[in-house]
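Read through the structure below, which is laid out as structure tokens, and then see the notes.
Residue numbers (the working numbering): 1 to 266.
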């Protein structure tokens, strides 16, 4: 019921007049904290802007025989008032590149306050040891040193870094995937999703996220993808450049979502 409420909520992206109906519907089964965040994001302009820099643009290329893949994840720096966040830390072979790239942006490893790894695959979690002063959020696990926070992300509860910067569960690629959602003054809502989205092309070619990227739960991933598509103005995917979300993308993926539901019921 929570998941259905979430999808009803984000469907008002283009029509805020429907908000009252949303509140009645979602209230009937308990407002999901994710829905609360998304609804409030539409109603509110951010108090200050956030600087979002893609440190490295991810890529993925499957070999002709399908036995190997050349790939690396996207890494992104989010700078806000009083904090810096790095989202996905590349592979262990990218240490020097990562340190140098942050330095060019005027940030040292010790100045990173939060490390968010959207999921636990090796091209997204390398170099965690560089950020020993930061809180580490690896999928839905939150820790600092040997202290682990319990009960995070329960019942779809977002992890709140700031009013306009929150981490939400987006399972599918793995069951503990998360996305960072940032409400900005310049770009609108930017979702940094890891491999929930492989690249922009996977809107038209679902095999890219289902088969090439891989999915532990395609139905959950389809649900999570639609939720992000409906609320985001821009998406930074796991293995491609940032792209602008269009109404055509939302509608096309909504059709795919309904197809998935039909296939699962038969």
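C-beta atoms are modelled at their ideal positions from N, C-alpha and C, and glycine is treated no differently. As the structure is a computational prediction, the values presented were derived from the model and not from experiment.
In the structure shown, residue 218 falls within a helical segment according to DSSP collapsed to helix, strand and coil.
Within its own chain, the residues whose Cβ lies closer than 8 Å to the Cβ of residue 139, once the five positions on either side in sequence are excluded, are 117, 118, 119, 120, 174, 176, 177, 178, listed in chain order. Its chain contains 107, 111, 112, 113 as the residues whose beta carbon lies nearer than 6 Å to that of residue 84, once the 5 sequence neighbours on both sides are disregarded; these appear in chain order. Note on residue 209: 16 or more other CB atoms within 10 angstroms of its CB, so buried under the neighbour-count rule. Checking the DSSP bridge columns, you'll see residue 124 has no partner listed.
According to the DSSP assignment, residue 51 belongs to no alpha helix (DSSP H) but to the beta strand (DSSP E) extending over 51 to 56. Within its own chain, the residues whose Cβ lies closer than 8 Å to the Cβ of residue 92, once the five positions on either side in sequence are excluded, are 122, 126, 127, listed in chain order.
Contact between residue 52 and residue 76 holds: CB atoms are separated by about 7 Å, below the 8 Å threshold. If you draw a straight line from the Cα of residue 235 to the Cα of residue 86, it comes to about 16 Å. By the Cβ test, the region 219 to 238 is in contact with the region 182 to 196, since at least three Cβ pairs between them sit closer than 8 Å. The criterion of a C-beta distance shorter than 8 Å is satisfied by residue 184 and residue 50. Look at residue 153 here: in three-state DSSP terms it is coil, with no helix or strand label.
In this model, residue 72 and residue 94 are separated by some 10 Å (Cα to Cα). Using a 10 angstroms sphere on the CB of residue 132, the tally of other CB atoms stays under 16, which defines it as exposed. Bridge pairing for residue 183: 189 [DSSP].
Looking at the DSSP output, residue 85 sits in a beta bridge with 78, 114. In the three-state scheme derived from DSSP, where H, G and I count as helix and E and B as strand, residue 140 is classed as coil. Scanning its chain for C-beta atoms nearer than 6 Å, with the 5 sequence neighbours on each side dropped, one finds around residue 130 the residues 109, in chain order.
Under the three-state reduction of DSSP, residue 105 is assigned to coil, being neither helix nor strand.
Here residue 153 has 140, 169 as same chain residues with Cβ atoms under 6 Å from its own Cβ, once five neighbours each way along the sequence are excluded. Scanning its chain for C-beta atoms nearer than 7 Å, with the 5 sequence neighbours on each side dropped, one finds around residue 229 the residues 245, 249, 250, 253, in chain order.
Looking only at 61, 97, 78, the smallest Cα-Cα distance to residue 54 is reached by 78.
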